[in-house]
Amino acid sequence: MADLSAGREELRSRVRDEAVPPGATVLLRGGPDTVSLLRSHARRTHRLYCLDGRGVWGVSTFAALDADGPTSREGILGGRLATYAFVHATTVTAALDAGFELLPTFRRPHYTVRLAEDTTEEVARLLAVLGTPEDNPYNRGGESPSGKG
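In terms of my numbering, the sequence shown opens at residue 656 and continues consecutively.
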């Protein structure tokens, strides 16, 4: 197999030793997203990182891992996602049932949703799993950034 890692950081070193959370755990992502925006984020991940020496496509989410505090649903919405007027919310079960892998990457509660490829069909499947964006009741005003959410 060809080594596709040239110039990319190995993501494995950023994967936490943490089990995938229970199925009812909520995954949050700043929005609103589109197929085009999700694809650009997946491609950015692919451009910057490899996983075990191979290319990887993925998008950022945050898992509501605790009932209270900064890693709770409210903590994430009012903290890391406070600049987003809209957010997408889904469950771990929905993502796994759709065939996506969840990698506990970077700092807790960040998870990378791994895509098999960056095709329109694959990205559209992810967008369907993320669902319709909802208002972020903890939004602190301003426009939602176009960066990772």
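Every residue, glycine too, gets a C-beta built ideally from N, C-alpha and C.
- Counting other Cβ atoms within 10 Å of its Cβ, D688 reaches 16 or more and is therefore classed as buried.
- Close CB contacts of L703 within its chain, under the 8 Å cut and outside five residues either way in sequence, are with R663, E664 (chain order).
- Straight across, the Cα-Cα distance linking E673 with T774 is about 29 Å.
- Assigned with DSSP and collapsed to three states, V675 falls in coil, not helix or strand.
- When only Cα atoms are considered, G724 and I731 end up about 9 Å apart.
- Contact between G686 and T700 is ruled out by a C-beta separation of about 18 Å, above the 8 Å threshold.
- Between the segment 751-765 and the segment 691-700 there are fewer than three inter-stretch CB-CB distances shorter than 8 Å, so the stretches are not counted as touching.
- With a 10 Å radius around the Cβ and a threshold of 16 neighbouring Cβ atoms, E777 comes out buried.
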